[in-house]
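**Q**
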Amino acid sequence: MNRLNIALLSLSLFAGSAVAAEPYMTVPVEASGTVTAYVDVPTGFDCHVAIPDAPTAFCAGPGNIVYHLRTVSTVQGVVDPDRYFEELMQLATSASNVRILARYAIPEISQYRLQRDAPLLFLRGQQVYTYGLDSTDPDKNETGVSAIVISIFPNNGAPMSIVDAYGITLPSSAIDDLGRLRRELVAFVNSYRYDEQWVQLANAQTVQFEGNLSARENAFYSTQRRIHQNNMDALDQSYNAYRDRSAAAERMQQGAVDAIHERQQLINPATGARYEADGYYDYNYVNPNDPGMSVRTNDPLWDPNLNTQQGEYYERLENYAPSNW
Numbered sequence: 139m140n141r142l143n144i145a146l147l148s149l150s151l152f153a154g155s156a157v158a159a160e161p162y163m164t165v166p167v168e169a170s171g172t173v174t175a176y177v178d179v180p181t182g183f184d185c186h187v188a189i190p191d192a193p194t195a196f197c198a199g200p201g202n203i204v205y206h207l208r209t210v211s212t213v214q215g216v217v218d219p220d221r222y223f224e225e226l227m228q229l230a231t232s233a234s235n236v237r238i239l240a241r242y243a244i245p246e247i248s249q250y251r252l253q254r255d256a257p258l259l260f261l262r263g264q265q266v267y268t269y270g271l272d273s274t275d276p277d278k279n280e281t282g283v284s285a286i287v288i289s290i291f292p293n294n295g296a297p298m299s300i301v302d303a304y305g306i307t308l309p310s311s312a313i314d315d316l317g318r319l320r321r322e323l324v325a326f327v328n329s330y331r332y333d334e335q336w337v338q339l340a341n342a343q344t345v346q347f348e349g350n351l352s353a354r355e356n357a358f359y360s361t362q363r364r365i366h367q368n369n370m371d372a373l374d375q376s377y378n379a380y381r382d383r384s385a386a387a388e389r390m391q392q393g394a395v396d397a398i399h400e401r402q403q404l405i406n407p408a409t410g411a412r413y414e415a416d417g418y419y420d421y422n423y424v425n426p427n428d429p430g431m432s433v434r435t436n437d438p439l440w441d442p443n444l445n446t447q448q449g450e451y452y453e454r455l456e457n458y459a460p461s462n463w
């Protein structure tokens, strides 16, 4: 918290007239030893400086003019930009004598940020909010202007919010026009551009990450489909076993009923027609053209088709067992 207070207190900037007439130089911006971007500051400034009680300090020039640039917060999730900015302001003013002179939106920085970040794949879907403020610190005799840029992006389903702070501070006695100082701040922020090789590397890493993520998702869904199929196969096997047991029980029950009622189940193997007859005979015949004409006997030598009248013809029936048909 104290460090963030200091960062906000440092974000005040010097009079534009003190810098506007000077040419600019390009300064690399590094992250973990790798050049990721470049920004323009007045020629003759010392950059990558370390100033006590000013953790956001980036470059310092004559007359105690300081340019500030730093990412002050990275939040996992989506923040409410207005509320977050209000909390930062309360934090800055409650622990010091810093006085806010003015607060305003800076849409041109937000627009530039969206355009600048468009080539970066991991920032797709980004939303940007930029808040400006003029402040003065009587304890340090400093006045300046600041820009708080809040970026929110989907990050492949794991949203993130990044808060960057930019500013220019200088002695209060050097201030002659805050309007010109604000324009100098916008020019400073909008001079920030990415290193092309870093963009290519970042995009390659994003493509690789998304490819690995897609492969993991495909493997997960494949496993889920396999588990589902195995479960369905097990259910099918269970149902088939149940159906077989039910059919066997039905056959046993039907057999018992037939035995009680001395009923015989028969089928014509030639036509598939089924018949039911009372009592039991070893040999059963039926006229396929007239089911009412049937003959039953226990004599294996008797042929019902001998000495028949015209139109009579008999086919032998077999005992019907459901499991055989």
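Take the sequence shown: its position 104, counting from 1, is numbered 242 in our numbering, and each next residue is one higher.
C-beta atoms are modelled at their ideal positions from N, C-alpha and C, and glycine is treated no differently.
Based on Cα-Cα distance, which residue from Ala342, Leu404, Leu308 and Val337 lies nearest to Cys107?
**A** In the structure displayed, the chain extends from 139 to 463; residue 107 sits before or after that span and is not available.
**Q** Which residue wins for smallest C-alpha separation from Val345, given the options Asp314, Tyr267, Leu226 and Arg262?
**A** Residue numbering aside, residue 345 sits at position 207 when the sequence shown is read from its first letter. That would be Arg262, whose Cα lies nearest to the Cα of Val345.
**Q** From the DSSP output, read off the bridge partner residues of Arg412.
**A** As a first step, residue 412 must be located in the sequence shown, where it is residue number 274. Answer is Ile405.
**Q** Quick check on the burial criterion: 16 or more other C-beta atoms within 10 angstroms. Buried or exposed for Ile313?
**A** For the purposes of this step, residue 313 is identified with residue 175 of the sequence shown, where counting begins at 1. Buried, since its Cβ has 16 or more Cβ neighbours within 10 Å.
**Q** Measure the C-alpha to C-alpha separation of Ile192 and Val283 and round it to an integer number of angstroms.
**A** For this step, residue 192 is matched to residue 54 along the sequence shown. For this step, residue 283 is matched to residue 145 along the sequence shown. In the sequence under discussion, the amino acid at residue 192 is Ala, which differs from the Ile named in the question. Straight-line Cα distance between these residues: approximately 15 Å.
**Q** Going by CA-CA distance only, name the one from Ala408, Ala411, Ala415 and Tyr330 that's closest to Gln402.
**A** What you label residue 402 is simply residue 264 of the sequence shown in a count that begins at 1. Nearest option by C-alpha distance: Ala415.
**Q** Let's see if you can read the secondary structure: which residues bound the beta strand (DSSP E) around Gly317?
**A** The residue given as residue 317 occupies position 179 in the sequence shown. Counting along the chain, Gly317 falls outside any beta strand (DSSP E), though it belongs to the alpha helix (DSSP H) covering Leu316 to Val327.
**Q** Have a look at the DSSP bridge pairing and note the partners of Ile189.
**A** In the sequence shown, residue 189 corresponds to position 51, counting from 1. Ala192.
**Q** For Ala175, collect the residues of the same chain with a Cβ closer than 8 Å to its Cβ; drop the 5 residues on either side in sequence, then sort them by chain order.
**A** Numbered from 1 along the sequence shown, position 37 holds the residue referred to as residue 175. Taken in chain order, the residues that qualify are Pro166, Val167, Tyr330, Arg331, Tyr332, Asp333 and Trp336.
**Q** So, with DSSP's three-state summary, where would you put Gly349?
**A** The residue labelled residue 349 in the question sits at position 211 within the sequence shown. Helix, per DSSP.
**Q** What residue does the alpha helix (DSSP H) around Asp220 start on, and which one ends it?
**A** Locating residue 220 in the sequence shown gives position 82, where the first residue counts as 1. Start and end: Pro219 to Ser232.
**Q** Please report the straight-line C-alpha distance between Asn378 and Asp371, rounded to a whole angstrom.
**A** If you number the sequence shown from 1, residue 378 lands on position 240. If you number the sequence shown from 1, residue 371 lands on position 233. The straight-line gap from Cα to Cα measures roughly 10 Å.
**Q** Should Ala285 be labelled buried (16 or more other beta-carbon atoms within 10 Å of its own) or exposed?
**A** Position 147 of the sequence shown, counting from 1, holds the residue named residue 285. Burial call: buried.
**Q** CB-CB under 7 Å to Ser232, same chain, minus the five flanking residues each way: which ones, in chain order?
**A** As a working note, residue 232 is residue 94 in the sequence shown. Contacts found: none.
**Q** I'd like to check one pair, Gln249 with Ser289: are the Cβ atoms closer than 7 Å?
**A** Walking along the sequence shown from the start, residue 289 turns up at place 151. Walking along the sequence shown from the start, residue 249 turns up at place 111. No, they are not a contact pair.
**Q** Which residues does DSSP pair with Ser289 in a beta bridge?
**A** Walking along the sequence shown from the start, residue 289 turns up at place 151. Beta-bridge pairing links Ser289 to Val266 and Ile300.
**Q** Find the nearest neighbour of Pro438 within the set Tyr419, Gln228, Asn427 and Met431, judged by alpha-carbon distance.
**A** Taking the first residue of the sequence shown as 1, we reach residue 438 at position 300. Checked all of Tyr419, Gln228, Asn427 and Met431; the closest Cα to Pro438 is Tyr419.
**Q** Hey, would you say Pro180 sits closer than 7 Å to Gly201, going by beta carbons?
**A** Within the sequence shown, residue 180 is the residue found at index 42, counting from 1. Within the sequence shown, residue 201 is the residue found at index 63, counting from 1. In this structure, Gly201 does not lie closer than 7 Å to Pro180 by Cβ.
**Q** Straight-line CA distance for Leu259 to Asn341?
**A** Along the sequence shown, read from residue 1 onward, the residue named residue 259 stands at position 121. Along the sequence shown, read from residue 1 onward, the residue named residue 341 stands at position 203. Approximately 6 Å between the Cα atoms of the pair.
**Q** Alpha carbon to alpha carbon, what distance is there between Val266 and Asp302?
**A** Along the sequence shown, one-based indexing puts residue 302 at 164. Along the sequence shown, one-based indexing puts residue 266 at 128. Going from the Cα of Asp302 to the Cα of Val266 covers about 11 Å.
**Q** Exposed or buried, Val173, counting other C-beta atoms within 10 Å across all chains shown (16 or more means buried)?
**A** Residue 173 sits at position 35 when you count from the first residue of the sequence shown. Exposed: under 16 other Cβ atoms inside 10 Å.
**Q** If you draw a straight line from the C-alpha of Pro161 to the C-alpha of Leu319, how long is it?
**A** The residue given as residue 161 occupies position 23 in the sequence shown. The residue given as residue 319 occupies position 181 in the sequence shown. Cα-Cα distance, rounded: 16 Å.
**Q** Is it true that the CB of Asn235 sits closer than 7 Å to the CB of Asp277?
**A** For this step, residue 277 is matched to residue 139 along the sequence shown. For this step, residue 235 is matched to residue 97 along the sequence shown. Yes.
**Q** Who are the near neighbours of Leu207 in its chain, counting only those whose CB is closer than 6 Å to its CB and skipping five residues on each side?
**A** The residue you call residue 207 lines up with position 69 of the sequence shown. Here the set comprises Phe196 and Tyr304.
**Q** Check whether the Cβ atoms of Gly270 and Ile306 sit closer than 7 Å, and answer yes or no.
**A** Residue mapping note: residue 270 aligns to position 132 of the sequence shown, counting from 1. Residue mapping note: residue 306 aligns to position 168 of the sequence shown, counting from 1. Result no, Cβ atoms of Gly270 and Ile306 do not sit closer than 7 Å.
**Q** What three-state label does DSSP hand Ala159 in the structure shown?
**A** Taking the first residue of the sequence shown as position 1, residue 159 is located at position 21. Reliability fails at Ala159, whose pLDDT of 47 lies under 50, so the model's placement of it is uncertain and the value that follows must be treated cautiously. Of the three classes helix, strand and coil, the one that applies to Ala159 here is coil, per DSSP.
**Q** What is the residue span of the beta strand (DSSP E) that Glu246 lies within?
**A** In the sequence shown, the residue the question calls residue 246 occupies position 108. Segment Pro245 to Asp255 is the alpha helix (DSSP H) holding Glu246; no beta strand (DSSP E) there.
**Q** For Leu207, report the span of its beta strand (DSSP E) as first-last.
**A** In the sequence shown, counting from the first residue as 1, residue 207 sits at position 69. Looking at the DSSP string, the run of the beta strand (DSSP E) that includes Leu207 is Ile203 to Gln214.
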